[in-house]
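Comments concern the structure below.
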Amino acid sequence: MPHMTRVLVIDDNDDFRKLALLWFQIHGIEAEGAANGVQGLELQRARPATVIVTDIFMPEKEGIETIQDLRREFPQAKIIAMTGREALTDYDVFQVAREVGAVKTLKKPFKLDDLVAVVKELSP
Amino acid sequence: MAAAQEKLDADQARERAPKTLGDVLYAGRSGAPAAEQEWFGLVRAIAAGDQVALHALYERSHRLVFTLLMRITGRRKMAEELTLEVFHDVWRRAYRYDPGEGTVVGRLMNQARSRALARLRAGQRKKNDEAEFADERRALCAALDTLAPEERQTIEGAFFSELTHAEIALRRKESLETVGTRIGSGLHKLRQALAEGRGKP
Chain B
28 MPHMTRVLVI DDNDDFRKLA LLWFQIHGIE AEGAANGVQG LELQRARPAT
78 VIVTDIFMPE KEGIETIQDL RREFPQAKII AMTGREALTD YDVFQVAREV
128 GAVKTLKKPF KLDDLVAVVK ELSP
Chain A
3 MAAAQEKLDA DQARERAPKT LGDVLYAGRS GAPAAEQEWF GLVRAIAAGD
53 QVALHALYER SHRLVFTLLM RITGRRKMAE ELTLEVFHDV WRRAYRYDPG
103 EGTVVGRLMN QARSRALARL RAGQRKKNDE AEFADERRAL CAALDTLAPE
153 ERQTIEGAFF SELTHAEIAL RRKESLETVG TRIGSGLHKL RQALAEGRGK
203 P
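Chains as they are written, first to last, in my numbering: chain B, 28 to 151; chain A, 3 to 203.
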């Protein structure tokens, strides 16, 4: 059964983004992708998603700033922050992501089925 | 007496030996290192489109940049590429240079360092990405094999080539409706194949 959820995946990693989008669609969840925060915001303004999955470290506009902007413009959207890279600084990026508005955080590698489950859990 | 002479010779040799990286890089060059005002003058000329100034800046500083890049990356080819990138960036962005933000050489070195780290991280990341989601990729490849060729090509066009339905329709000389149908049936079959193969979804 298709879900009413619409997901926006923001990740500069093309392989992951494409795989995740297909995985969501296979599970009956409408999904679109953006390669960076700027594109993600534009897409969200054009076709708002209910759940947004965003990488934390990205070029152009990095994830924390993206989450802040999304939270400001789209307070209803649920944001999942993810990263697999080592933190380059000594602070906990996930904690910062939560402080600026992410409701869930995921560390790669995770199972895509787990991501789908989290999205369903957050769906209206 | 001989011991005293040996000590004297050793002291003189130490005096002549290069003490800093700058001594090594500028060995054999006459005159003192350029004043910051000169460096800034070059950057200003580059910002105005002066290629000779870019060449002069390159001549003065590329060894320093290259050495730093070699030390960070440990790879000659990568260091050479990044050195060119650093100076290409100077050419494109010299107009943005603000003397209040640090010395020209300092900026070049920062630029080199961040480019090197970004390149190394990208390489590491690619390795990690290839290893990530391997189970899903394998399962998906097996599931894609269950599709009819036209469904598979349509699904691959939509999700891997990121084509719009209209673009796929144009390429395949099919109607938009047909493309939509193929994607729908393809996704359904993939769902079934994955469910059969892995008990999910």
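A virtual CB, placed ideally from N, CA and C, is assigned to each residue, including glycine.
As the structure is a computational prediction, the values presented were derived from the model and not from experiment.
Where residue i falls: helix, strand or coil (DSSP)
i	result
residue 8 of chain A	helix
residue 72 of chain A	helix
residue 196 of chain A	helix
residue 138 of chain B	coil
residue 92 of chain B	helix
residue 82 of chain B	strand
residue 173 of chain A	helix
residue 133 of chain B	strand
residue 38 of chain B	coil
residue 33 of chain B	strand
residue 60 of chain B	strand
residue 37 of chain A	coil
residue 110 of chain B	strand
residue 116 of chain B	A caution first: residue 116 of chain B carries a pLDDT of 47, below 50, which makes its placement in the model unreliable, though a value can still be read off. Three-state result, residue 116 of chain B: coil.
Residue i burial status per 10 Å Cβ neighbour count (16 or more: buried)
i	result
residue 54 of chain B	buried
residue 58 of chain B	buried
residue 34 of chain A	Only weak support is given to the placement of residue 34 of chain A: the predicted model assigns it a pLDDT of 49, under 50, and the question is left unresolved by the model.
residue 44 of chain A	buried
residue 54 of chain A	exposed
residue 166 of chain A	exposed
residue 69 of chain B	exposed
residue 138 of chain A	buried
residue 98 of chain A	exposed
residue 41 of chain B	exposed
Rounded separation between residue i and residue j - CA only
i	j	result
residue 134 of chain A	residue 133 of chain B	14 Å
residue 66 of chain A	residue 59 of chain A	11 Å
residue 140 of chain B	residue 96 of chain A	48 Å
residue 149 of chain B	residue 108 of chain A	48 Å
residue 90 of chain B	residue 108 of chain B	8 Å
residue 196 of chain B	residue 128 of chain B	No statement about residue 196 of chain B is possible, as the shown extent of chain B runs from 28 to 151 and does not include it.
residue 81 of chain B	residue 131 of chain B	11 Å
residue 125 of chain B	residue 135 of chain B	17 Å
residue 46 of chain B	residue 145 of chain A	13 Å
residue 57 of chain A	residue 77 of chain A	24 Å
residue 46 of chain A	residue 74 of chain A	29 Å
residue 172 of chain A	residue 76 of chain B	28 Å
residue 49 of chain A	residue 101 of chain A	13 Å
residue 184 of chain A	residue 103 of chain B	34 Å
residue 199 of chain A	residue 95 of chain B	40 Å
residue 196 of chain A	residue 104 of chain A	57 Å
residue 114 of chain A	residue 194 of chain A	51 Å
residue 29 of chain B	residue 151 of chain B	Model confidence at residue 29 of chain B stands at a pLDDT of 49, short of 50, so the residue's coordinates are unreliable; what they give is reported in the following sentence. Their Cα atoms are separated by approximately 13 Å.
residue 151 of chain A	residue 180 of chain A	14 Å
Distance CB(residue i)-CB(residue j) smaller than 9 Å
i	j	result
residue 78 of chain B	residue 37 of chain B	no
residue 60 of chain B	residue 35 of chain B	yes
residue 81 of chain A	residue 89 of chain A	no
residue 188 of chain A	residue 153 of chain A	yes
residue 71 of chain B	residue 97 of chain B	yes
residue 41 of chain A	residue 106 of chain A	yes
residue 149 of chain A	residue 191 of chain A	yes
residue 71 of chain A	residue 117 of chain A	yes
residue 142 of chain A	residue 49 of chain B	yes
residue 170 of chain A	residue 159 of chain A	yes
Expected contact under 8 Å - CB spacing of residue i and residue j to nearest Å
i	j	result
residue 63 of chain A	residue 119 of chain A	Actually they do not touch by this definition, with Cβ atoms about 19 Å apart.
residue 84 of chain B	residue 110 of chain B	6 Å
residue 145 of chain B	residue 56 of chain B	No, residue 145 of chain B and residue 56 of chain B are not in contact; Cβ-Cβ is about 12 Å, not under 8 Å.
residue 62 of chain B	residue 39 of chain B	5 Å
Chain-ordered neighbours of residue i on chain C, where CB pairs are closer than 7 Å
i	result
residue 189 of chain A	Reference to chain C is not applicable here, since the protein chains of this structure are B and A.
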